[in-house]
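In the working numbering, the protein residues as written are 2 to 247. Even glycine gets a Cβ: it sits at the ideal position worked out from N, Cα and C. Please read these numbers as outputs of a predicted model, since none were measured by experiment.
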Amino acid sequence: MIIGSKLLFFENLPSTNTHATDLLKKIDLPEGTIVYTNYQLAGRGHTRNKWESEDSKNLLISIILFPSFIKPEDQFHISMAISLWICDFLMRYIPDCSIKWPNDIYVNNDKIAGILIESSLTGNRIEFTIAGIGLNINQESFLSNAPNPISLRLLSGHNYDLRDCLNNLGSDLDKRYKQLIAGDSGDIKKEYVSKLYRLNEWHEFRDVCGIYTGRILTVGDFGRIKIEKQSGNISEYSFKETEFIL
Ligand code: BTN
Numbered sequence: 002m003i004i005g006s007k008l009l010f011f012e013n014l015p016s017t018n019t020h021a022t023d024l025l026k027k028i029d030l031p032e033g034t035i036v037y038t039n040y041q042l043a044g045r046g047h048t049r050n051k052w053e054s055e056d057s058k059n060l061l062i063s064i065i066l067f068p069s070f071i072k073p074e075d076q077f078h079i080s081m082a083i084s085l086w087i088c089d090f091l092m093r094y095i096p097d098c099s100i101k102w103p104n105d106i107y108v109n110n111d112k113i114a115g116i117l118i119e120s121s122l123t124g125n126r127i128e129f130t131i132a133g134i135g136l137n138i139n140q141e142s143f144l145s146n147a148p149n150p151i152s153l154r155l156l157s158g159h160n161y162d163l164r165d166c167l168n169n170l171g172s173d174l175d176k177r178y179k180q181l182i183a184g185d186s187g188d189i190k191k192e193y194v195s196k197l198y199r200l201n202e203w204h205e206f207r208d209v210c211g212i213y214t215g216r217i218l219t220v221g222d223f224g225r226i227k228i229e230k231q232s233g234n235i236s237e238y239s240f241k242e243t244e245f246i247l
């Protein structure tokens, strides 16, 4: 197993992603090392958002990867594999989930997991990637103004053993990571697209010009999303250039 070759647990941390990055600057760690904690004092989400997670209720983990076999321009392949991995894990417990582009994990219209992937590049090579995942497992009420959080506990009504969940996560990711190493990015992309939230359905989105109705067709190079407008025009957007209206 590559993933989980080393487990580093901390009772609390500012952020597992920040701590994993700091550790890598000081010591050598094997690929697949998992840094995890019960509580983050400054858990980070995308674009300066905070990540809410009640003490000892959820999984807060960062995985250290050295995907030097991926070209920097293909970094989205890592994001797709990680998103599918979280879906593999969740589908051990619930019938289905989807990926809200680019990498929020949803059950119906609610967010159950967030992914923050941070990579360091040297020259034209990925030096390391930290894949941070916040996965809501046993939390029952959420206090922040995040619009639509959900947890496994809220979905099923029962509690889960976090250590068992971590073990399952490790073995699921091992499979996906080996698929990435084997160069299976075509299959990964096909599967990723098939799991996209609101794929092929007409819904409202917002871009710089305002609200429009469109439907997601696929993702293109660099993970840009392709959306067909009602006019028949197809637009491509990078992350943050368009947003879903929920
Ligand atoms: C998002 O949806 O905005 C991404 C959230 C990612 C949260 C996880 S929790 C573990 C890891 N450490 C962090 O500080 N953030 C990620």
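Which partner residues of residue 40 appear in the DSSP bridge assignment? Under the DSSP definition of a beta bridge, residue 40 partners with 13.
Please name the residue, chosen from 147, 22 and 126, that lies closest to residue 50 on a Cα-to-Cα basis. The candidate whose alpha carbon is nearest that of residue 50 is 147.
Would the C-beta of residue 102 count as close to ligand 1, meaning under 6 Å from any of its heavy atoms? Within 6 Å of the C-beta of residue 102 there is not a single heavy atom belonging to ligand 1.
Determine the DSSP secondary structure at residue 178, reduced to helix, strand or coil. Look at residue 178 here: in three-state DSSP terms it is helix.
Do residue 28 and residue 69 have their C-beta atoms closer together than 7 Å? No; because the gap between Cβ atoms is not below 7 Å, this pair is not in contact.
Quick check: does the Cβ of residue 117 come within less than 6 Å of any heavy atom belonging to ligand 1? Within the cutoff, so yes.
Can you tell me whether residue 130 sits near ligand 1, meaning its C-beta is under 6 Å from at least one heavy atom of the ligand? Every heavy atom of ligand 1 is 6 Å or more from the Cβ of residue 130, so no.
Scan the segment 79-145 and note each continuous beta strand (DSSP E) run of 3 residues or more that stays entirely inside, going in chain order. For secondary structure counted as the beta strand (DSSP E) over 3 or more consecutive residues, the segment 79-145 holds these complete runs in sequence order: 99-101, 105-108, 111-123 and 126-136.
Buried or exposed: residue 164, going by 16 or more other Cβ atoms within 10 Å of its Cβ? Result: exposed.
Closer than 8 Å is the cut-off here; do at least three beta carbon pairs connect the segment 13-27 with the segment 91-104? Cβ pair count under 8 Å is below three, so no.
With DSSP as the reference, please indicate the residues paired to residue 236 in a beta bridge. Answer is 228, bridged to residue 236.
Excluding the 5 residues flanking residue 218 on each side, which residues of the same chain have their C-beta closer than 6 Å to its C-beta? Counting only Cβ-Cβ distances below 6 Å, and skipping sequence neighbours, we find 227 and 229.
Measure the CB-CB distance between residue 38 and residue 9 and report whether it falls below 7 Å. Judged by beta-carbon spacing, residue 9 lies beyond the 7 Å limit of residue 38, meaning their Cβ atoms are not closer than that value.
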